[in-house]
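Mapped onto this note's numbering, the consecutive letters of the sequence shown carry residue numbers 10 to 381.
The beta carbon of each residue, even a glycine, is placed where N, CA and C say it ideally should be.
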Amino acid sequence: MSVQYDVMILGGGINGCAIARKLSREGKKVCLLERSTIGCGTSSNSSKLIHGGLRYLETGRFGLVKESLKDRKRLFELYPDLVEMVPFYLPVYDDSLRPWWMIRTGLGMYDLFSRQPEYHCKHIKNEDFAGKFPGVKMAGLHRVYVYYDGKTNDLELTRRIARDAVSAGCDVRENCQVISIKGNARVFHIMYKDGRGEYEAEAPVLINATGPWIDEVNDQYQLPHNYRINKVSGIHIVINKSLVPDCMFLQTSNRRIFFMIPWTEGQTIIGTTERMEKSRCDDIKVQEEDINYLLECANHYLREKISRYDICHTFLGIRPLVMDKNDKGDATSMSRDYKIEVIREGKTKLIHVYGGKLTTCLSMAEKVGARV
C-alpha cells in the first residue's frame, strides 16, 4: 500500500534539506529520499564557506552576489553556532594579476551589497600583516585588505537543516535506493527500498534535488528534462600544520583564486581546483595533478615550503554548474547560480533544481516552494 505525500524530494544535500524544511514548515506532508546519509556528497565536501561570492562581481553576476549575501546574513542569524563571520585577508602583491584598485573597488561593491557595516572591509598596514602572518612571504607585498565572510561546518549545517525539517514533520529516509519512478497526469508513484524492505509512496509533486547526480538520475529513471549540468571538481588538500591564523584569499598566476583556511586540530585547508569532468560522479577522484597544483599555489606565498608529505587528507566536491548560453567552456566563467525547471502534466509537477551552492540554499528553497 502506497503512503500518500504532498511532495517527494530526491536528494539529501543542502538544497534538498532546505526545500524539505521550507515545505514542511508550510504544512506540506513531505518525504525526502537519500541514497546514503544526509549531506554525504558535495554538501560535506565544500570549501566550508558561507560567502557572497566576491569573485562573481568580476563577471557581473551582481544578482547572485546580492542573494548570497542576504542568505549569508540569514544563515548566520538562524544558526549562529554553526556559521560565524570571520576575517579574510587579501594580500595584493606586485605580481598579482588584479591590481589593488580593482580589488578595492570589488570590496567596496561587496560592502555595499552586504548592508552590514560592521563587516565592511579595511586596509591594514603591511607590517601589521607581517606580524600576524609570519609564515607568509612579504617580498613584493603591495598592500593588504581585510573583509568578512562566513565559515561553517558544512556537514553539520546540512544535518541541522534536515533535523529542522524532521521537527516540522518531514519524513527523511536515508540509505534507500529508488527502484522505480512512474508518473501519470495525477500522481508520481515511487518504489524504493532500504535494509529493512521495499516501500511505495505517491505524491503529485516530485522534486529532483540530486545536485551533481541530477543528469544521471534523469537518465536512469527517464525523467523528462530540458537542461543538463556541467560537473566541475573542487579538490581540497588538508595540511597537518597551522599555516595561517586566519582565512586568506589569494590569486594564482592564471587569474584564479584559492583559499587557505585554518581548520580544527591545527590543520589548514587549501582549495580549490576547477576542472571540468566528464565521468560519472562516483568515478571522479582526486588526481596527483590536483595536489601538485594546490601545493604550487600555496608555496608561491609561504616562507617554508609544504610538500606531499604534509598532507593528511584530501577531499573532493563536485559543483553542478549550468552553462551560460554564450559560455566558452571555462569553468571559472560559468554561473554559480541555480535554475529551477518545472514540468507539468495534468495535476502533477516535476521540479528539477540545477546548480546552486551552499550559501543560497534558503533563497533557492523559497523559490522552489513558490512553484510547488
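The alpha helix (DSSP H) enclosing Asp445, as first and last residue numbers | The structure shown does not extend to residue 445, since the chain spans only 10 to 381, so no value can be given for it.
Give a yes or no on whether the C-beta atoms belonging to Asp203 and Lys250 are separated by under 8 Å.
-> Locating residue 203 in the sequence shown gives position 194, where the first residue counts as 1. Locating residue 250 in the sequence shown gives position 241, where the first residue counts as 1. It is not a contact, given that the beta carbons lie outside the stated cut-off.
If you check the beta carbons only, do Val23 and Ser56 fall under 8 Å apart?
-> Mapped onto the sequence shown, residue 23 falls at position 14. Mapped onto the sequence shown, residue 56 falls at position 47. The sequence as given places Ile at residue 23; Val does not occur at that position. Against a cut-off of 8 Å, the Cβ pair of Ser56 and Ile23 comes out as no contact.
Do you know whose CA, among Ser316, Glu93, Ser11, Asp291, lies nearest Ile279's CA?
-> Numbered from 1 along the sequence shown, position 270 holds the residue referred to as residue 279. It is Ser316.
Kindly indicate which residue of Val247, Gln231, Trp222, Ala177 has the alpha-carbon position closest to the one of Asn239.
-> In the sequence shown, the residue the question calls residue 239 occupies position 230. Ranking Val247, Gln231, Trp222, Ala177 by Cα distance to Asn239 puts Trp222 first.
Once you ignore the five residues that flank Ala27 on each side, which residues in its own chain have a CB closer than 8 Å to its CB?
-> Stepping through the sequence shown from its first residue, residue 27 is reached at position 18. Only Ile170, Cys370, Leu371, Met373, Ala374 meet the Cβ criterion.
Distance, Phe197 Cα to Val247 Cα = As a working note, residue 247 is residue 238 in the sequence shown. As a working note, residue 197 is residue 188 in the sequence shown. The alpha-carbon atoms of Val247 and Phe197 are separated by roughly 43 Å.
Comparing alpha-carbon positions, which option in Arg107, Val214, Ile133, Phe85 lies nearest Asn162?
-> As a working mapping, residue 162 is identified with position 153 in the sequence shown. The shortest C-alpha separation from Asn162 is found at Phe85.
Who are the Cβ neighbours of Leu78 in its own chain at under 7 Å, not counting the five residues just before and after it?
-> Locating residue 78 in the sequence shown gives position 69, where the first residue counts as 1. Excluding sequence neighbours, Leu78 sits near Gly61, Phe122, Ser123.
Residues bridged to Cys40 by DSSP?
-> Counted from its first residue, the sequence shown places residue 40 at position 31. DSSP output for Cys40 lists Met17, Asp180 as bridge partner(s).
Backbone secondary structure at Ser55 - three-state DSSP = The count along the sequence shown starts at 1 and reaches residue 55 at position 46. Ser55: coil per DSSP, three-state reduction.
How do the segment 100-120 and the segment 148-156 stand: do at least 3 beta-carbon pairs fall below 8 Å, yes or no?
-> yes
Let me know the secondary structure DSSP gives Ala29 once reduced to three states.
-> Here residue 29 corresponds to residue number 20 of the sequence shown, with the count starting at 1. Of the three classes helix, strand and coil, the one that applies to Ala29 here is helix, per DSSP.
Would a C-beta distance cut-off of 8 Å place Gly302 and Thr282 closer than the cut-off?
-> Along the sequence shown, one-based indexing puts residue 302 at 293. Along the sequence shown, one-based indexing puts residue 282 at 273. In the sequence as displayed, the identity of residue 302 is Tyr instead of Gly. Cβ atoms of Tyr302 and Thr282: closer than 8 Å.
For Asp292 and Asp336, the rounded distance between their alpha carbons | Along the sequence shown, read from residue 1 onward, the residue named residue 336 stands at position 327. Along the sequence shown, read from residue 1 onward, the residue named residue 292 stands at position 283. Because Asp336 sits at a pLDDT of 49, beneath the cut-off of 50, its placement in the model cannot be relied upon, and the point is left open.
Residue interval of the alpha helix (DSSP H) (run including Ser372) = As a working mapping, residue 372 is identified with position 363 in the sequence shown. Unbroken alpha helix (DSSP H) run through Ser372: 370-380.
Looking at the structure shown, is Asn239 part of a helix, part of a strand, or coil, going by DSSP?
-> In the sequence shown, the residue the question calls residue 239 occupies position 230. Correct three-state label for Asn239: strand.
Considering Cys321, what are the terminal residues of the alpha helix (DSSP H) in which it resides?
-> The residue you call residue 321 lines up with position 312 of the sequence shown. Premise fails: Cys321 lies in the beta strand (DSSP E), 320-330, not in any alpha helix (DSSP H).
Cβ pair Ile360, Val181 closer than 8 Å = Taking the first residue of the sequence shown as 1, we reach residue 360 at position 351. Taking the first residue of the sequence shown as 1, we reach residue 181 at position 172. In this structure, Val181 does not lie closer than 8 Å to Ile360 by Cβ.
Scan the segment 61-129 and note each continuous alpha helix (DSSP H) run of 4 residues or more that stays entirely inside, going in chain order.
-> 71-87, 109-123
Out of Pro96, Glu297, Asp224, Gln276, state which residue places its alpha-carbon closest to the alpha-carbon of Ser288.
-> Counted from its first residue, the sequence shown places residue 288 at position 279. The option with the nearest alpha carbon to Ser288 is Asp224.
Own chain, CB closer than 7 Å to Leu32, minus 5 neighbours either side, in chain order = By one-based count along the sequence shown, residue 32 stands at place 23. Cβ within range, chain order: Val16, Val39, Gly378, Val381.
Give me the Cβ distance between Arg312 and Val145, rounded to the nearest whole Å; I'm assuming they're in contact under 8 Å.
-> To locate residue 312, count along the sequence shown from 1; it is residue 303. To locate residue 145, count along the sequence shown from 1; it is residue 136. Between Val145 and Arg312 the Cβ distance is about 7 Å, and since that is below 8 Å, they are a contact.
Three-state class that DSSP yields for Phe142 in the structure shown = Within the sequence shown, the letter at position 133 stands for residue 142. In this structure, Phe142 counts as coil in the three-state DSSP scheme.
Where the alpha helix (DSSP H) containing Ile223 begins and where it ends | Sequence index remark: in the sequence shown, residue 223 carries index 214 (1-based). 223-230 is the span of the alpha helix (DSSP H), which, as asked, contains Ile223.
Extent of the continuous alpha helix (DSSP H) run through Glu211 | The count along the sequence shown starts at 1 and reaches residue 211 at position 202. Segment 206-212 is the beta strand (DSSP E) holding Glu211; no alpha helix (DSSP H) there.
Leaving out the 5 sequence neighbours to the left and right, which residues in its chain are closer than 8 Å to Gln355 when beta-carbon positions are compared?
-> Walking along the sequence shown from the start, residue 355 turns up at place 346. Per the sequence shown, residue 355 should be read as Gly rather than Gln. Here the set comprises Asn193, Ala194, Arg195.
Same chain, Cβ closer than 7 Å to Arg264, five either side skipped, listed in chain order | Mapped onto the sequence shown, residue 264 falls at position 255. Correct list, in chain order: Leu106.
Separation of Val92 from Met285, as counted between CA atoms = Numbered from 1 along the sequence shown, position 276 holds the residue referred to as residue 285. Numbered from 1 along the sequence shown, position 83 holds the residue referred to as residue 92. In a straight line, the C-alpha of Met285 is about 30 Å away from that of Val92.
Boundaries (first-last residue) of the beta strand (DSSP E) holding Leu150 = In the sequence shown, residue 150 corresponds to position 141, counting from 1. Residues 150-161.
From the beta carbon of Val153, is the nearest beta carbon of chain B less than 8 Å away?
-> The question asks about chain B, but that chain is absent: this structure has only one protein chain.
Does the distance from the C-beta atom of Leu19 to that of Asn308 stay below 8 Å?
-> Numbered from its first residue, the sequence shown carries residue 19 at position 10. Numbered from its first residue, the sequence shown carries residue 308 at position 299. Against a cut-off of 8 Å, the Cβ pair of Asn308 and Leu19 comes out as no contact.
So who's on the other strand from Glu354, going by DSSP bridges?
-> Locating residue 354 in the sequence shown gives position 345, counting from the first residue. Answer is Thr357.
What residue does the alpha helix (DSSP H) around Ile300 start on, and which one ends it?
-> One-based indexing of the sequence shown puts residue 300 at position 291. Note, Ile300: alpha helix (DSSP H), 297-308.
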